[in-house]
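Engineer: Residues in the sequence shown are numbered consecutively from 6, following this note's numbering.
The beta carbon of each residue, even a glycine, is placed where N, CA and C say it ideally should be.
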Amino acid sequence: MRYLKSAVIALLISPLMAVAGEVKVSWAEFDDFIDVRPASETKSAFYKRVKTSLEKSFIELGEKLPDGTVFELRVSDLDLAGDIRYGGTREYRLVERLYYPKMKFDYQLVNAEGKILKEGSESIKDMGFLDRLRRPSQYRNEGFFYEKLMFENWFEENIEAQFK
Numbered sequence: 006m007r008y009l010k011s012a013v014i015a016l017l018i019s020p021l022m023a024v025a026g027e028v029k030v031s032w033a034e035f036d037d038f039i040d041v042r043p044a045s046e047t048k049s050a051f052y053k054r055v056k057t058s059l060e061k062s063f064i065e066l067g068e069k070l071p072d073g074t075v076f077e078l079r080v081s082d083l084d085l086a087g088d089i090r091y092g093g094t095r096e097y098r099l100v101e102r103l104y105y106p107k108m109k110f111d112y113q114l115v116n117a118e119g120k121i122l123k124e125g126s127e128s129i130k131d132m133g134f135l136d137r138l139r140r141p142s143q144y145r146n147e148g149f150f151y152e153k154l155m156f157e158n159w160f161e162e163n164i165e166a167q168f169k
């Protein structure tokens with residue numbers, strides 16, 4: 006009887022569980038990237054923050070993929086929005102139109118049966134990044150907003166659109 010109750014509960018809960026694809030992210034050496042330079046923290050701490058923040062965003066996008074789908078991403082270059090400037094004794098990141106975000110990466114999209122649906126190398130940039138309206142709750146109080154939104158737009162147009 007106890008097993009029957011457990012089975013019924015599992016069946017009732019299973020539709021509520023998220024069904025999503027998987028995202029696997031790898032990175033080239035951060036020191037070789039065009040511009041992933043910290044302004045007021047150590048390199049290692051800044052690199053970790055960039056990696057953690059962007060990977061979290063990539064994984065959230067993977068939740069939009071069908072169950073069993075795997076999206077593999079290898080980031081080979083990154084140029085963050087803005088540029089490092091020196092002001093007195095401090096460094097800071099100045100964000101202006103001239104310093105737009107860019108990213109280069111290789112990717113592969115594989116379905117649940119192991120068939121490659123799409124693959125390639127991309128070089129994306131968002132020269133109009135300052136003209137975009139932020140969605141109210143999107144990336145609120147998070148860093149690297151422009152890079153996340155740039156990649157999200159590419160993902161929706163090139164990957165997510167495959168399943169609509």
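Which residues in the same chain as isoleucine 39 place their Cβ atom closer than 8 Å to its Cβ, once the five residues preceding and following it in sequence are excluded?
Structural biologist: Contacts found: Asp82, Leu83, Asp84 and Lys107.
Engineer: Give the list of continuous beta strand (DSSP E) stretches no shorter than 3 residues that lie fully inside the region 94 to 123.
Structural biologist: Those beta strand (DSSP E) runs which fall completely within the region 94 to 123 and span 3+ residues are 95 to 99 and 107 to 115.
Engineer: Which residues bound the beta strand (DSSP E) around lysine 29?
Structural biologist: It spans 27 to 32 - the beta strand (DSSP E) in which lysine 29 sits, taken as one unbroken run.
Engineer: Alpha carbon to alpha carbon, how far is glycine 73 from isoleucine 89? Give it in angstroms, no decimals.
Structural biologist: The straight-line gap from Cα to Cα measures roughly 41 Å.
Engineer: Using CA atoms only, rank isn't needed, just tell me which of Pro43, Phe149, Glu165 and Gly125 is closest to serine 62.
Structural biologist: That would be Phe149, whose Cα lies nearest to the Cα of serine 62.
Engineer: Specify whether the region 122 to 141 and the region 97 to 106 touch according to this definition: at least 3 beta carbon pairs, one from each stretch, less than 8 Å apart.
Structural biologist: Taking 8 Å as the limit for Cβ pairs, the verdict is that the region 97 to 106 does touch the region 122 to 141.
Engineer: With leucine 114 and isoleucine 164 assumed to form a contact (beta carbons below 8 Å), what rounded beta-carbon distance in angstroms separates them?
Structural biologist: Yes, they are in contact, since the Cβ atoms of leucine 114 and isoleucine 164 sit about 6 Å apart, within 8 Å.
Engineer: For arginine 102, which of Glu162, Gly87 and Arg54 has the nearest alpha-carbon?
Structural biologist: It is Gly87 whose Cα lies nearest to the Cα of arginine 102.
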